[in-house]
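Numbering (full-length UniProt numbering), first residue to last: 1 to 328.
Structure record follows, encoded as structure tokens.
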């Protein structure tokens, strides 16, 4: 579940730009328009923040529809989404549609770039891979990668092909992959292939863990993905050890709980657990400790029980206490 924080002034009414109505609304899906209008209402009424769950409930939509709507309007430069943290929370700013929004368009002459055979061929190959024509915005973005990210046309084509093979062809996802490649300092085809293999190896293991937990790829949220990456890449645990932690979680609380599993694995990492044998040795030490503690308690009770009790003549004691023994 994501939370969206709106940035604007308080108002008793919701003004909708005529530019939005004339230019953007006709081509947008109905549920996307509903999300935009409700968000605009929240923004102008001074709402500090609202979750995707609340918006979905109010509009009778799925949470994924709400998130997809915001991503769509961000792609269309109608709003600006800025991540607040790593927990899936965002700040949303409604942009002035009367102002030029795309900074790249001011810096890139598309007509001039299309005169270059390498760029023209790259764009045509991208259209073949995607199976559709590119919008002017997409063309501008792909050309900007050559300048801003220092990507060659070959790297861009490999990137698009990679996304197509994953069946993720929306512009936002493709741009996210491009940013990750840039952050990874990919300079050539070999760098890209090494990065893809490493990333895919990671996701092969992640999918194994999700399948073991009975969770589909599409259902995993960003915080859960971060935990999975930590178990594999930071703790460097094998899939078998993570499976063992999952088994313990199921046995104790009868459900898959990422935080509970993370607690188990964090404890093992602290104890420098590396293999399943290490886990067995730790369990044996724990059992031995418990048995010794129980034995010590038992011995302590035994000592108390073996205390030799004295024999007393209670009638004689009573006489002494009452002073009757002086009368004898």
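Idealized CB from N, CA, C, for every residue including glycine.
Cα-Cα separation, residue 124 to residue 118
As a position in the chain shown, residue 124 is number 124, starting the count at 1. As a position in the chain shown, residue 118 is number 118, starting the count at 1. Between the alpha carbons of residue 124 and residue 118 lies a distance of about 10 Å.
Drop a sphere of 10 angstroms on the beta-carbon of residue 205, count the other beta-carbons inside from all chains shown, and report buried for 16 or more, exposed for fewer.
Taking the first residue of the chain shown as 1, we reach residue 205 at position 205. So residue 205 counts as buried.
Write down every uninterrupted run of the alpha helix (DSSP H) in the stretch 190 to 232 whose length is 4 residues or greater and which is fully enclosed by it, in chain order.
Within the stretch 190 to 232, the runs of alpha helix (DSSP H) at least 4 residues long that lie entirely inside it are, in chain order, 222 to 229.
Taking all protein chains shown into account, do 16 or more other C-beta atoms lie within 10 angstroms of the C-beta of residue 131, making it buried, or fewer, making it exposed?
As a position in the chain shown, residue 131 is number 131, starting the count at 1. Residue environment: residue 131 is assigned as exposed (fewer than 16 neighbouring CB atoms within 10 Å of its CB, all protein chains considered).
Considering only the alpha carbon of each residue, which of 122, 193, 163 lies closest to residue 153?
Residue numbering aside, residue 153 sits at position 153 when the chain shown is read from its first letter. Checked all of 122, 193, 163; the closest Cα to residue 153 is 122.
On the premise that residue 73 lies in contact with residue 67, defined as a C-beta separation below 8 Å, what is that separation, rounded to the nearest angstrom?
Here the question's residue 67 lines up with position 67 in the chain shown. Here the question's residue 73 lines up with position 73 in the chain shown. Not quite, the Cβ-Cβ distance comes to about 11 Å (not below 8 Å), so this is no contact.
Coarse secondary structure for residue 26, derived from DSSP in three states:
By one-based count along the chain shown, residue 26 stands at place 26. DSSP places residue 26 in coil when its eight states are reduced to three.
Pick from 64, 202, 70, 53: whose alpha carbon is nearest that of residue 37?
In the chain shown, residue 37 corresponds to position 37, counting from 1. Cα-wise, what sits closest to residue 37 is 70.
Please classify residue 276 as buried or exposed, where buried requires at least 16 neighbouring CB atoms within 10 angstroms.
Position 276 of the chain shown, counted from the first residue, corresponds to residue 276. In the assembly as shown, residue 276 is an exposed residue. Its beta-carbon has fewer than 16 other beta-carbons within 10 Å.
Are residue 268 and residue 279 closer than 8 Å when you measure CB to CB?
In the chain shown, counting from the first residue as 1, residue 268 sits at position 268. In the chain shown, counting from the first residue as 1, residue 279 sits at position 279. Yes; because the gap between Cβ atoms is below 8 Å, this pair is in contact.
Of the listed residues 160, 146, 190, 127, nearest to residue 345 (C-alpha basis):
No information on residue 345 is available, as it lies outside the stretch 1 to 328 that the chain covers here.
From the DSSP output, which residues share a beta bridge with residue 368?
Because the chain spans 1 through 328 in this model, residue 368 falls outside it and cannot be assessed.
Does the distance from the C-beta atom of residue 149 to that of residue 182 stay below 8 Å?
Within the chain shown, the letter at position 149 stands for residue 149. Within the chain shown, the letter at position 182 stands for residue 182. Contact: yes.
Residue span of the alpha helix (DSSP H) that contains residue 153, given as start and end
Indexing the chain shown from 1 puts residue 153 at position 153. Counted as a single uninterrupted DSSP element, the alpha helix (DSSP H) harbouring residue 153 occupies residues 153 to 165.
Sub-8 Å separation of residue 98 and residue 155 beta-carbons
In the chain shown, the residue the question calls residue 98 occupies position 98. In the chain shown, the residue the question calls residue 155 occupies position 155. Result no, Cβ atoms of residue 98 and residue 155 do not sit closer than 8 Å.
Tell me the rounded alpha-carbon separation between residue 292 and residue 197.
Here residue 292 refers to the residue found at position 292 when the chain shown is read from its first residue. Here residue 197 refers to the residue found at position 197 when the chain shown is read from its first residue. Cα to Cα, the separation comes out at about 50 Å.
Return the first residue and the last residue of the alpha helix (DSSP H) that residue 67 is part of.
Within the chain shown, residue 67 is the residue found at index 67, counting from 1. Here the alpha helix (DSSP H) through residue 67 covers 63 to 75.
Three-state class that DSSP yields for residue 273 in the structure shown:
As a working note, residue 273 is residue 273 in the chain shown. Looking at residue 273 - three-state DSSP - the assignment turns out to be coil, as it is neither helix nor strand.
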